[in-house]
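Novice: Chains as they are written, first to last, in our numbering: chain A, 1400 to 1729; chain B, 65 to 207.
All residues carry an ideal CB built from backbone N, CA and C; glycine is no exception.
Spelled out as structure tokens, the structure:
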């Protein structure tokens, strides 16, 4: 426990120092790189807090996708922040002090950190998720069974949000919202460097294979549709960064990408409707195999995780393509 | 007190740093970075509530006796992916604002709006159309 506290406080200190450095930095490329470091440290903290699935996602999303997106946004706008005038600082400081005071006071009511008899641990649902799930579903990774089965409807809602965000970015920056000016094509390709070209070519199949492993091994170890989708997308983002957008769009044509975005969601909803037609409730996988409910659950979770992976991967790739295809219009 | 609650206070500090950036910095992209700092603070706080000393990751195995709670992890796992999707929407809005106004600084955009479309070299319909976008984004990053 002493080791835990030691590592934990060091990581927290690094995290807060990074956050302060980000706020003080006016060169936004630098701030973006620090934000990537921030995400990496956060992922370590998640591992320490026993949230391995979350750490996985944070590492892939925070360090990979969101850094690339921020860099893309900076390339299309301005990368240097204006000096924050003094009159803007006061309202922020007042709000922060008030909120901080309220939060610090409220924290006194919180249960002790890490105690075994906190309300979270004592709640009856803990027993259901940790022990009864082994009889009902039979999947060791309870995060996967809660995500895809117990709270399947909730996850469907989250997937709809990801889908909607993808649509929003496509309608803001996609091919239907082109600026009138002809964009100057960037003729500079990282593929001109042999080392980068060869390393990317070698890594690409491994990244995609790893994503598939994460997807299908999610029942037994950390992993699942969200993580796999993000890792899959980061493979395509890497390919697009190195070989240019045209090459990447030959690999994944835009039409296929747009189809896949909705396909995942349709499969998810379709599975729910199928279970209803079979006489169960929405997303009740037991009815998929009435004789062996556990294998029905396995099948349902596999389909749902794959659907999530397809939609997340295609939304992230489509978002990256929209940013990359947007030339500087002024 | 300090020994048991220092974790929460550290996470609150992270949230507040993010909140400060969102409110006082004028640059829209910096606001978005601040928003993700705030977001990470919330994620960590949420997950820390399910943590148990001596617990293990909630993957059931015979030789493990105590587990941390899986539910907060599930909720945050999906929230991270949703978070990056909404970050992308915010960035897309910032890019469109830059194309219409030529700046991503909030103060300059407000000045531009109050002087009218004469001061800007973009056409008036474009400036009107993206003016509403600008408001959406401000509300988005403030909440």
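#1: CB residue 1671 of chain A to CB residue 1551 of chain A, shorter than 9 Å?
#2: According to DSSP, residue 123 of chain B sits in a beta bridge with which residue or residues?
#3: Three Cβ pairs or more, each shorter than 8 Å: is that satisfied between the region 76–89 of chain B and the region 1654–1670 of chain A?
#4: Helix, strand or coil for residue 1619 of chain A? Go by DSSP, reduced to three states.
#5: Short of 7 Å Cβ to Cβ, which residues in the region 169–180 of chain B face chain A?
#6: Measure the alpha-carbon distance for residue 155 of chain B versus residue 1472 of chain A and round it to whole angstroms.
#7: At the 9 Å Cβ level, is residue 1693 of chain A part of the contact set with chain B, yes or no?
#8: Could you check if residue 1634 of chain A is buried or exposed, using at least 16 other CB atoms within 10 Å of its CB as the buried criterion?
#9: If you measure from the beta carbon of residue 183 of chain B to each beta carbon in chain A, is any gap under 9 Å?
#10: Spatial neighbours of residue 115 of chain B within its chain, please: CB distance less than 6 Å, with the 5 preceding and 5 following residues excluded, ordered by chain position.
#11: Could you check the C-alpha separation between residue 209 of chain B and residue 123 of chain B for me, to the nearest Å?
#12: Compute the beta-carbon to beta-carbon distance between residue 1599 of chain A and residue 1637 of chain A, rounded to the nearest angstrom, for a pair I have assumed lies under 8 Å.
#13: Could you tell me whether the Cβ of residue 106 of chain B comes closer than 9 Å to any Cβ of chain C?
#14: For residue 199 of chain B, which three-state DSSP category applies?
#15: I need the straight-line Cα distance from residue 1709 of chain A to residue 1648 of chain A, nearest angstrom please.
#16: Going by DSSP, what residue range makes up the alpha helix (DSSP H) through residue 1694 of chain A?
#17: When you compare the region 1653–1668 of chain A with the region 1712–1719 of chain A, are there three or more beta-carbon pairs, one atom per stretch, that lie closer than 8 Å?
#18: Looking only at its own chain, which residues have a Cβ that is under 8 Å from the Cβ of residue 1478 of chain A, when we skip the five neighbours before and after it?
#19: Check whether the region 1592–1611 of chain A and the region 1676–1683 of chain A are in contact - that is, three or more C-beta pairs closer than 8 Å.
#20: Could you say which of A:1644, A:1701, A:1643 lies nearest to residue 1663 of chain A if we only look at CA atoms?
#21: Going by DSSP, what residue range makes up the alpha helix (DSSP H) through residue 1589 of chain A?
#22: For the region 1540–1570 of chain A, which residues have a CB atom closer than 7 Å to at least one CB atom of chain B, in sequence order?
#23: Name the residue from A:1419, A:1621, A:1610 whose alpha carbon lies nearest to the alpha carbon of residue 1752 of chain A.
#24: Going by the DSSP bridge assignment, what does residue 1479 of chain A pair with across the sheet?
#25: Are the region 1498–1510 of chain A and the region 1524–1538 of chain A in contact at 8 Å, needing three or more beta carbon pairs?
#26: Per DSSP, residue 1504 of chain A is paired with what?
#27: With a threshold of 16 other CB atoms inside 10 Å of the CB of residue 1408 of chain A, please say whether the residue is buried or exposed.
#28: Beta carbon of residue 1691 of chain A, beta carbon of residue 1536 of chain A: below 9 Å?
#29: Would you report the Cα separation of residue 1632 of chain A and residue 119 of chain B, rounded to the nearest angstrom?
#30: Assuming residue 107 of chain B and residue 143 of chain B are in contact, meaning their beta carbons sit under 8 Å apart, how far apart are those beta carbons, in whole angstroms?
#31: Note the first and the last residue of the continuous alpha helix (DSSP H) segment covering residue 1450 of chain A.
#32: Would you mind telling me which residues of chain B sit closer than 8 Å to residue 1464 of chain A, beta carbon to beta carbon, in chain order?
#33: Starting from residue 131 of chain B, find everything on chain A with Cβ-Cβ shorter than 8 Å and list it in chain order.
#34: Suppose the cutoff is 7 Å on Cβ atoms and the five residues either side in sequence are ignored; what does the same chain contact list for residue 1595 of chain A look like?
#35: Residues in its own chain within less than 8 Å of residue 1406 of chain A by CB, not counting five upstream and five downstream?
#36: Under a three-way DSSP split, which group does residue 1409 of chain A fall into?
Specialist: Judging by the given coordinates:
#1: Here residue 1671 of chain A refers to the residue found at position 272 when the first chain is read from its first residue. Here residue 1551 of chain A refers to the residue found at position 152 when the first chain is read from its first residue. Yes, Cβ-Cβ distance for residue 1671 of chain A and residue 1551 of chain A is below 9 Å.
#2: Residue 123 of chain B sits at position 59 when you count from the first residue of the second chain. Note: residue 123 of chain B sits in a beta bridge opposite A:1540.
#3: no
#4: Taking the first chain and counting its residues from 1, one reaches residue 1619 of chain A at position 220. Residue 1619 of chain A: coil per DSSP, three-state reduction.
#5: 169
#6: Here residue 155 of chain B refers to the residue found at position 91 of the second chain. Here residue 1472 of chain A refers to the residue found at position 73 of the first chain. Looking at the two C-alpha atoms, the distance is approximately 6 Å.
#7: By one-based count along the first chain, residue 1693 of chain A stands at place 294. No - not a single Cβ of chain B is within 9 Å of the one on residue 1693 of chain A.
#8: As a first step, residue 1634 of chain A is located in the first chain; it is residue number 235 there, counting from the start. Burial call: buried.
#9: Sequence index remark: in the second chain, residue 183 of chain B carries index 119 (1-based). Below a pLDDT of 50, predicted positions are generally treated as unreliable, and residue 183 of chain B, at 49, falls in that range; no measurement from the model is reported.
#10: Residue numbering aside, residue 115 of chain B sits at position 51 when the second chain is read from its first letter. For residue 115 of chain B, where only same-chain residues beyond five positions count, the Cβ hits under 6 Å are 132.
#11: Nothing can be reported for residue 209 of chain B, as the shown portion of chain B is limited to 65 through 207.
#12: Working through the first chain from its first residue, we reach residue 1599 of chain A at position 200. Working through the first chain from its first residue, we reach residue 1637 of chain A at position 238. The beta-carbon distance between residue 1599 of chain A and residue 1637 of chain A, rounded to whole angstroms, is 6 Å. This is short enough to meet the 8 Å contact definition.
#13: In summary, chain C is missing from the structure at hand, where the protein chains are A and B.
#14: For this step, residue 199 of chain B is matched to residue 135 along the second chain. Note that residue 199 of chain B scores a pLDDT of 42, beneath 50, so its modelled location is shaky; the value from the coordinates is reported in the next line. Helix, per DSSP.
#15: The residue you call residue 1709 of chain A lines up with position 310 of the first chain. The residue you call residue 1648 of chain A lines up with position 249 of the first chain. Spanning the two alpha carbons is a distance of roughly 17 Å.
#16: As a first step, residue 1694 of chain A is located in the first chain; it is residue number 295 there, counting from the start. Its alpha helix (DSSP H) spans residues 1692–1724.
#17: The region 1653–1668 of chain A is in contact with the region 1712–1719 of chain A.
#18: Translated into positions along the first chain, residue 1478 of chain A becomes position 79. Taken in chain order, the residues that qualify are 1426, 1427, 1428.
#19: no
#20: What you label residue 1663 of chain A is simply residue 264 of the first chain in a count that begins at 1. Of the listed residues, the one whose Cα sits closest to residue 1663 of chain A is A:1701.
#21: Counted from its first residue, the first chain places residue 1589 of chain A at position 190. That residue, residue 1589 of chain A, is in no alpha helix (DSSP H); it is neither H nor E in DSSP.
#22: 1540, 1541, 1542, 1545, 1546, 1550, 1554, 1557, 1560, 1561, 1564, 1565, 1567, 1568
#23: Here chain A comprises residues numbered 1400 to 1729, so residue 1752 of chain A is not present and cannot be evaluated.
#24: Residue mapping note: residue 1479 of chain A aligns to position 80 of the first chain, counting from 1. In DSSP, residue 1479 of chain A forms a bridge with A:1426.
#25: no
#26: Numbered from 1 along the first chain, position 105 holds the residue referred to as residue 1504 of chain A. Beta-bridge pairing links residue 1504 of chain A to no other residue.
#27: Looking up residue 1408 of chain A in the first chain gives position 9. Residue 1408 of chain A is exposed by the Cβ-count criterion.
#28: Within the first chain, residue 1691 of chain A is the residue found at index 292, counting from 1. Within the first chain, residue 1536 of chain A is the residue found at index 137, counting from 1. The answer is no: Cβ separation not under 9 Å.
#29: The count along the first chain starts at 1 and reaches residue 1632 of chain A at position 233. The count along the second chain starts at 1 and reaches residue 119 of chain B at position 55. Their backbone Cα atoms lie some 33 Å apart in a straight line.
#30: Along the second chain, read from residue 1 onward, the residue named residue 107 of chain B stands at position 43. Along the second chain, read from residue 1 onward, the residue named residue 143 of chain B stands at position 79. Rounded, the Cβ-Cβ distance is 7 Å, consistent with contact.
#31: Translated into the one-based positions of the first chain, residue 1450 of chain A becomes position 51. Where residue 1450 of chain A is concerned, there is no enclosing alpha helix (DSSP H), given that its DSSP letter is neither H nor E.
#32: By one-based count along the first chain, residue 1464 of chain A stands at place 65. Contact of residue 1464 of chain A with chain B by beta-carbon distance below 8 Å involves 148.
#33: Here residue 131 of chain B is taken as the residue at index 67 of the second chain, counted from 1. By Cβ distance, chain A contributes 1449, 1529, 1541.
#34: Counting from one through the first chain, the residue named residue 1595 of chain A turns up at place 196. Correct list, in chain order: 1589, 1641.
#35: Sequence index remark: in the first chain, residue 1406 of chain A carries index 7 (1-based). Excluding residues within five positions, the ones whose Cβ falls inside 8 Å are 1447.
#36: Here residue 1409 of chain A refers to the residue found at position 10 of the first chain. Note: residue 1409 of chain A maps to helix in three-state DSSP.
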